[in-house]
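In this text, residue positions in the sequence shown follow this note's numbering: the first is 226, and each later residue adds one.
For glycine and all other residues, C-beta sits at the position ideal for the given N, C-alpha and C.
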Amino acid sequence: MKHKQRRFFDRLKKKFQLSIFNESTLESMFSLRVSWLDGILLLLSVFVILFFLSFFLIRYTPVGAFMPPYMDVSVRNRLVEHAYKVDSLTNVISQQTVYIDVVKGIVAGNINVDSTDSEGHQIPIDTLANRHMALMKATSQEEAFRKRYEEQEKYNLSTLNTSGNTNVLLFYPPVKGEVTSTFDPRLRQFGVDVKVNERQAVLAVLAGTVIYAGYDPDFRYVIQVQHADDYVSVYKYTTELLKKPGDLVKAGEALAMVGKVSGSPEQPHLYFELWQRGIAQNPVELVLF
């Protein structure tokens with residue numbers, strides 16, 4: 226056994242001559258005496274050098290940041306954040322596409338905003354004449370508002386029915402609450418804040434078509450509805466959406482929810498805007514809150 230081991234090591238130590246000759250003159254240009262053991266040691270040395278070189282590059286240079294097993298936590302967090310942003314942008318683009326399609330349909334006359342309800346059934350135009358049967362019994366506040374309005378408009382000639390138009394729109398209050406801000410377009414206050422004391426549904430002020438429903442970083446969940454006579458109602462600071470773009474809604478139908486947000490010190494409220502032909506209208510003059 227020892228004899229065989231000795232023979233094996235003798236073979237490893239056996240020298241070979243490696244020579245390089247000039248092909249034309251057969252002159253020896255380079256000569257080197259090596260053994261199998263020298264070759265093995267050379268390969269091991271190269272392997273060790275490559276190992277330590279790779280370790281140094283991964284550990285002490287930015288190259289390691291791009292390798293998944295050694296990726297920096299901050300880099301991974303940024304990648305996840307960017308992935309969320311891409312997903313959010315994809316959803317926004319999808320919602321904007323639906324919004325544009327709905328607006329195109331309304332402009333082209335393919336969608337009649339007051340002809341059907343959310344279940345596809347035919348409903349009459351939103352007028353006082355065909356809605357008075359569905360109204361709740363007037364409260365004392367509504368009676369006072371009606372009398373005050375009639376007194377103010379009694380001698381206003383512009384309100385006389387000279388054209389025979391009887392299409393009077395009746396606006397439902399979007400929520401039950403107290404108006405806490407003033408409508409002032411000069412201060413870019415295009416709507417009013419309505420404070421609510423409890424979680425409740427946000428109702429459509431008129432029948433129409435939902436043209437936008439999505440999340441806004443500044444106004445939380447926002448929903449917009451296109452109505453007859455070029456009215457557009459906007460509901461901001463809602464906590465949950467119940468409708469999506471393209472849905473047909475009836476006057477008084479729930480669009481979203483509003484209430485206290487867990488962990489937020491902000492008083493629950495709804496910011497309500499009402500626009501007609503691109504001009505902001507004072508909601509207090511048209512809606513009885």
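- Annotation: Asn247 to Val259 spans about 21 Å, alpha carbon to alpha carbon.
- Phe415 is positioned such that its CB atom lies closer than 7 Å to that of Glu498.
- When Cβ pairs closer than 8 Å are counted between the two stretches, the region 417-428 is seen not to touch the region 437-446, the count staying below three.
- A check of alpha carbon separations from Val421 across Val271, Thr434, Val435 and Val404 identifies Val404 as the nearest.
- Secondary structure in the region 439-509: the beta strand (DSSP E) runs of 3 residues or longer, each lying completely within the stretch, are 445-452, 456-463, 479-483, 494-501 and 504-506 in chain order.
- Residue environment analysis places Tyr460 among the buried positions, since at least 16 neighbouring C-beta atoms fall within 10 angstroms of its C-beta.
- Closest option to Leu473, judged by alpha-carbon separation, among Asp312, Ile331 and Asp263: Ile331.
- Counting along the chain, Gly416 sits inside the beta strand (DSSP E) bounded by residues Gly416 to Lys420.
- Judged by beta-carbon spacing, Ala432 lies beyond the 7 Å limit of Ala481, meaning their Cβ atoms are not closer than that value.
- Taking 4 residues as the shortest admissible run, the region 250-330 contains the following complete alpha helix (DSSP H) segments, listed from N- to C-terminal end: 261-285.
- The C-alpha of Leu268 is placed about 15 Å away from the C-alpha of Leu278.
- The C-beta of Gly503 has fewer than 16 other C-beta atoms within 10 Å across all chains shown, which makes the residue exposed.
- Ranked by Cα distance from Leu262, the options Glu252, Leu275, Ile274 and Phe233 are led by Phe233.
- The C-beta distance from His494 to Val419 rounds to 6 Å, short enough to meet the 8 Å contact threshold.
- Leu395: not part of any beta strand (DSSP E); DSSP gives it neither H nor E.
- For Leu257, same chain residues with a beta-carbon under 6 Å away, outside a window of 5 residues either side, are Leu243 in chain order.
- When only Cα atoms are considered, Lys401 and Phe370 end up about 16 Å apart.
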